[in-house]
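**Q** Here it is, the structure in full.
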Amino acid sequence: MDFKDYYKILGVEPTADDKAIKAAYRKLARKYHPDVSKEKDAEAKFKDVSEAYEALKSADKRAEYDDLRRYGQHGQPFQGPPGWQSRGGFGGGGQDTGDFSDFFSSIFGNRGPGFGGAESRRSSGRRGQDVEMELAIFLEETLSSESKKVTFQVPQYNAAGQHVSNTTKSLNVKIPAGVTDGERIRLKGQGAPGVGGGANGDLYLTIRFAPHPKFDVEGENLIITLPLAPWELALGTEVAVPTLTGKINLKVPAGSQNGQRMRAKGHGLRSKAGERGYLFVQLKAVMPKKSDDDIKALWQELAQKAAFDPRENF
Amino acid sequence: MSSPLIVQLDLAEFCEATDLSDVYVIEIVEHGILEPQGGTPKDWRFTDYELTLAKRAAKLRRDLELEWEGVALALNLLEEVQQLRAENRMLRQRLGRLVVE
Numbered sequence: 005m006d007f008k009d010y011y012k013i014l015g016v017e018p019t020a021d022d023k024a025i026k027a028a029y030r031k032l033a034r035k036y037h038p039d040v041s042k043e044k045d046a047e048a049k050f051k052d053v054s055e056a057y058e059a060l061k062s063a064d065k066r067a068e069y070d071d072l073r074r075y076g077q078h079g080q081p082f083q084g085p086p087g088w089q090s091r092g093g094f095g096g097g098g099q100d101t102g103d104f105s106d107f108f109s110s111i112f113g114n115r116g117p118g119f120g121g122a123e124s125r126r127s128s129g130r131r132g133q134d135v136e137m138e139l140a141i142f143l144e145e146t147l148s149s150e151s152k153k154v155t156f157q158v159p160q161y162n163a164a165g166q167h168v169s170n171t172t173k174s175l176n177v178k179i180p181a182g183v184t185d186g187e188r189i190r191l192k193g194q195g196a197p198g199v200g201g202g203a204n205g206d207l208y209l210t211i212r213f214a215p216h217p218k219f220d221v222e223g224e225n226l227i228i229t230l231p232l233a234p235w236e237l238a239l240g241t242e243v244a245v246p247t248l249t250g251k252i253n254l255k256v257p258a259g260s261q262n263g264q265r266m267r268a269k270g271h272g273l274r275s276k277a278g279e280r281g282y283l284f285v286q287l288k289a290v291m292p293k294k295s296d297d298d299i300k301a302l303w304q305e306l307a308q309k310a311a312f313d314p315r316e317n318f
Numbered sequence: 129m130s131s132p133l134i135v136q137l138d139l140a141e142f143c144e145a146t147d148l149s150d151v152y153v154i155e156i157v158e159h160g161i162l163e164p165q166g167g168t169p170k171d172w173r174f175t176d177y178e179l180t181l182a183k184r185a186a187k188l189r190r191d192l193e194l195e196w197e198g199v200a201l202a203l204n205l206l207e208e209v210q211q212l213r214a215e216n217r218m219l220r221q222r223l224g225r226l227v228v229e
């Protein structure tokens, strides 16, 4: 068990007054709140900050902590002064410390803020925690209902409500056809088990589309970028264009523009109503990497004969 | 193809799934953060999506010591940020296919 310097975590001096501690906590809580933050390890940092504030916000806890602080150094193993007795593992006043560290409960026992409070339902037992996770799926998998194996960590709590470990759980989840990026799927009762007769928590999956090497997603439609030689744009051509499930033959008309979009109905993603969106094919002119003198001469001939000024309205 | 399954919850089920009291949920609705169908609390029907929203609202309010107005604003902005990030991600991916290195 390592010592935690709560002043250091909040970035305040050990002499800071309550107001400064509160301000520092609020600022860091906003910065690292897992629902708000994009920072790496936001959740762990948020927990650290909450724990630090919990220890320092009341005068008696702070005094108790200040006494011990003389015997510890941040990040170093902590054993306390001679004769000091850790309180970890002894039940407190019916509340729990949630996910606070062993270090915190060794000092304060189970006198944490707990999950309860004004907002909570008072029922028998405590409901298990919900588990949230992202599930990456390939675009191909959204066309039909697919079963996917989902593996996730379920937190385990002891009777006193302390987080003791995680267990790994696997489920086969049916992903409905037509799911969208960011959509949430709730699996009732698949979260952490309830304590003392409380209901199980739920599992929430947030669907994330894995980036596709060829297709981009625009609502129900897909976009593919089709490379063409300049003369293919000029003269027209027929090209086999990949779709999510196979290939289609696309006729590019003569005189097509670079960047122009053509659309193929029914080759996009599946909507909730079961219909397929469009596949947009965006034409992209690609120049040959090198050209010898013969080719150069041909371009020169074209330049003279075409007498075209693309910057007429520039 | 069958129509997608839409899960609806009444107030009691909603409270159980979010572990929030009914008084608290009513407060969230009064601030326009949740918009259940139905006129009175006993007729209210919530969607799955609103479960996440309610839990997130309760957490933001508690963790950041916000007023409900602040929670509502934060949720709106977070939603917008998320949409913008998704759009940005998609446009960058598009751009990557058009720009020549």
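Heads up: the protein sequence lines correspond to chains P and F, in order. Numbered according to my numbering, the first sequence spans residues 5 to 318. Numbered according to my numbering, the second sequence spans residues 129 to 229. We put the beta carbon where it would ideally sit given N, CA and C, even for glycine. Computed from a predicted model, the values in this text were never measured in an experiment.
1. Where DSSP assigns a beta bridge to threonine 229(P), which residues make up the other side?
2. Going along the chain, which residues of the stretch 145-161 of chain F sit with their C-beta nearer than 7 Å to a C-beta in chain P?
3. Quick one: list the residues of chain F neighbouring aspartate 185(P), beta-carbon separation under 7 Å, in chain order.
4. Looking at aspartate 206(P) and glycine 186(P), is the spacing between their C-beta atoms short of 8 Å?
5. Can you tell me the Cα-Cα spacing of asparagine 162(P) and aspartate 171(F), whole angstroms?
6. Residues bridged to valine 177(P) by DSSP?
7. Would you report the Cα separation of alanine 203(P) and threonine 146(F), rounded to the nearest angstrom?
8. Taking glutamine 166(P) as the reference, give the member of Gly198(P), Val40(P), Glu305(P) and Glu144(P) with the closest Cα.
9. Just confirm the distance between the C-beta atoms of leucine 147(P) and arginine 274(P), as a whole number of angstroms; I'd bet it's less than 8 Å.
10. Would you mind sorting glycine 132(P) into buried or exposed? The rule is 16 or more other CB atoms within 10 Å of its CB.
11. Would threonine 172(P) and glutamine 157(P) qualify as a contact pair, given that the criterion is a beta-carbon distance under 8 Å?
12. Between Asp297(P), Leu254(P) and Gly250(P), which has its C-alpha nearest leucine 230(P)'s C-alpha?
13. For threonine 229(P), go through chain F and note every residue whose CB falls closer than 9 Å to its CB, in chain order.
14. Is it buried or exposed for aspartate 220(P), if we count other Cβ within 10 angstroms and need 16 for buried?
15. So if I threshold CB-CB distances at 9 Å, which residues from the stretch 165-185 of chain F count as touching chain P?
16. Quick one: Cα of serine 174(P) to Cα of lysine 153(P), how far?
17. Here's the rule: buried if 16 or more other CB atoms are within 10 angstroms of the residue's CB, otherwise exposed. What is valine 135(F)?
18. For tyrosine 208(P), write down the residues that DSSP places opposite it in a beta bridge.
19. Work out the CA separation of alanine 196(P) and serine 169(P) for me, nearest whole Å.
20. By the criterion of Cβ-Cβ separation under 9 Å, what are the contact partners of leucine 188(F) in chain P?
21. Does arginine 280(P) come within less than 8 Å of chain F when only Cβ atoms are used?
22. State yes or no: is the C-beta of phenylalanine 7(P) within less than 8 Å of the C-beta of glutamine 80(P)?
23. Using the rule of at least 16 other Cβ atoms within 10 Å of the residue's Cβ for burial, across every protein chain shown, is isoleucine 299(P) buried or exposed?
24. Taking DSSP as the reference, what is the three-state secondary structure of glutamate 193(F)?
25. Would leucine 148(F) and alanine 186(F) qualify as a contact pair, given that the criterion is a beta-carbon distance under 8 Å?
26. Using CA atoms only, rank isn't needed, just tell me which of Ala24(P), Gly223(P), Arg188(P) and Gly182(P) is closest to tyrosine 177(F).
27. Taking threonine 249(P) as the reference, give the member of Leu283(P), Gln264(P), Arg267(P) and Gly240(P) with the closest Cα.
28. State buried or exposed for aspartate 64(P), treating a residue as buried only when at least 16 other CB atoms are found within 10 Å of its CB.
29. Should glutamine 99(P) be flagged as near chain F, meaning a C-beta pair shorter than 8 Å?
30. Going by DSSP, what residue range makes up the beta strand (DSSP E) through glutamate 242(P)?
31. Select from the stretch 205-218 of chain P all residues with a C-beta closer than 8 Å to any C-beta belonging to chain F, and list them in chain order.
32. Quick check: the Cα distance between leucine 139(P) and threonine 184(P), rounded to an integer number of angstroms?
33. According to DSSP, which residues form a beta bridge with isoleucine 252(P)?
34. Take leucine 203(F) and list the residues in its own chain whose beta-carbon comes closer than 8 Å to its own, dropping the five residues that flank it on each side.
35. In three-state DSSP terms, what is proline 159(P)?
36. Would DSSP call leucine 32(P) helix, strand or coil?
**A** For this structure:
1. Threonine 229(P) is bridged by DSSP to Gln286(P).
2. Of all residues in the stretch 145-161 of chain F, Ala145, Asp147, Leu148, Ser149 and Tyr152 have a Cβ within less than 7 Å of some Cβ in chain P.
3. Contact annotation for aspartate 185(P) against chain F: Ala214 [CB-CB distance below 7 Å, chain order].
4. It is not a contact, given that the beta carbons lie outside the stated cut-off.
5. In a straight line, the C-alpha of asparagine 162(P) is about 38 Å away from that of aspartate 171(F).
6. Valine 177(P) pairs with Lys152(P).
7. Taking the straight line from one Cα to the other gives about 11 Å.
8. Of Gly198(P), Val40(P), Glu305(P) and Glu144(P), the residue nearest in Cα terms is Gly198(P).
9. Indeed they touch by this definition, with Cβ atoms about 5 Å apart.
10. Buried.
11. Yes; because the gap between Cβ atoms is below 8 Å, this pair is in contact.
12. That would be Leu254(P), whose Cα lies nearest to the Cα of leucine 230(P).
13. The contacting residues are Arg222, Arg225 and Leu226.
14. With a 10 Å radius around the Cβ and a threshold of 16 neighbouring Cβ atoms, aspartate 220(P) comes out buried.
15. Correct list: Asp176, Tyr177, Leu179, Thr180, Lys183 and Arg184.
16. Pairing serine 174(P) with lysine 153(P), the inter-Cα distance amounts to about 7 Å.
17. Exposed.
18. Tyrosine 208(P) is bridged by DSSP to Glu136(P) and Arg190(P).
19. Roughly 11 Å separates the two Cα atoms.
20. Those are His37, Asp39 and Val40, listed as they occur along chain P.
21. So no, arginine 280(P) is outside the interface.
22. Yes, Cβ-Cβ distance for phenylalanine 7(P) and glutamine 80(P) is below 8 Å.
23. Burial state of isoleucine 299(P) is exposed, judged by a 10 Å Cβ sphere holding fewer than 16 other Cβ atoms.
24. If DSSP states are grouped into helix, strand and coil, glutamate 193(F) belongs with coil.
25. In terms of Cβ geometry, leucine 148(F) and alanine 186(F) form a close pair [threshold 8 Å].
26. The shortest C-alpha to C-alpha distance from tyrosine 177(F) to any of Ala24(P), Gly223(P), Arg188(P) and Gly182(P) is the one to Arg188(P).
27. Nearest C-alpha to threonine 249(P) among Leu283(P), Gln264(P), Arg267(P) and Gly240(P): Leu283(P).
28. So aspartate 64(P) ends up on the exposed side.
29. Per-residue confidence for glutamine 99(P) stands at a pLDDT of 41, beneath the threshold of 50, marking its modelled position as unreliable; no derived number is given.
30. The continuous beta strand (DSSP E) containing glutamate 242(P) extends over residues 241-246.
31. Answer in chain order: Asp206, Tyr208 and Pro215.
32. Rounded to whole angstroms, leucine 139(P) to threonine 184(P) spans 12 Å at the Cα level.
33. Looking at the DSSP assignment, isoleucine 252(P) forms a beta bridge with Val245(P).
34. Cβ-Cβ distances below 8 Å link leucine 203(F) to Ile161, Leu181, Arg184, Ala185 and Leu188 in the same chain, with the five nearest sequence neighbours on each side left out; the list follows chain order.
35. Assignment of proline 159(P) by DSSP, reduced to helix, strand and coil, places it in the strand class.
36. Of the three classes helix, strand and coil, the one that applies to leucine 32(P) here is helix, per DSSP.
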